[in-house]
Amino acid sequence: MLKSIIAIIVSYAVMFLLFMAIFTGSYIALGPERVFQTDSYEVSNLWLALTLIISFIGCILAGYLCAAISKSWRTCQVFAVIIFLLTLLSCISAMKRNPDAPNIRAGDVSYLDAISLAVTPLWLHLVNPVISGAGVLLGARMKRRGNA
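Numbering-wise (this note's numbering), the sequence shown opens with residue 250 and increments by one.
Structure representation (structure tokens):
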């Protein structure tokens, strides 16, 4: 039981740190002009694609790590449900943002401002939890097959 709890906590922490590093680095590398649409806080198609790809790959790695630590398929399933629910909660809070808020961007925007002011399409909030949970399960399954 303790091994399962440690596996979930460590996997989540590693995933969180990985996401923060990759998304921050991507934002700095691309700059606000390629992350957002022109003079707007609406995210670009490039950023949407990167978000989905990074989320999926990061969750695969987290699922693999969880399986490596716990050596339990059930623990990985619980971890996938936790990731699905946490991602769903963060997406619900993003969906509650005021759509009539000012959406005009002028000049450079810091990463923290970009996170709080970014406007993403509704479909992303519905797809991201599914991709995240599926990524965890796929990573765990990859680890299981590697041991078989």
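We put the CB at the ideal spot given by N, CA and C, even for glycine. Since the structure is predicted, the reported quantities are computational estimates derived from the model, not experimental observations.
Residue burial classification, residue i (beta-carbon count within 10 angstroms, cutoff 16)
i	result
residue 324	buried
residue 358	buried
residue 296	buried
residue 345	exposed
residue 260	buried
residue 254	exposed
residue 364	exposed
residue 272	buried
C-alpha gap between residue i and residue j, whole angstroms
i	j	result
residue 258	residue 252	10 Å
residue 292	residue 278	15 Å
residue 380	residue 366	23 Å
residue 314	residue 369	30 Å
residue 327	residue 268	20 Å
residue 391	residue 332	18 Å
residue 382	residue 334	9 Å
residue 298	residue 362	21 Å
Same chain, Cβ closer than 8 Å to residue i, five either side skipped, listed in chain order
i	result
residue 377	300, 301, 304, 336, 340
residue 310	263, 264, 267, 388
residue 354	281, 285, 288, 289, 290, 366
residue 397	Since pLDDT at residue 397 reaches only 48, below the 50 mark, its modelled position is unreliable, and the value read off the structure follows with that caveat. Hits under 8 Å: none found.
Cutoff 7 Å; reference residue i; Cβ partners in own chain excluding five residues on either side
i	result
residue 282	none
Cβ-heavy atom distance, residue i to the ligand MG, below 7 Å
i	result
residue 376	The model on display carries no ligand, and the ligand MG is accordingly not part of it.
Practice problem: Counting only runs of 3+ residues fully inside the stretch 314-351, write out the beta strand (DSSP E) ranges in chain order. | Solution: none
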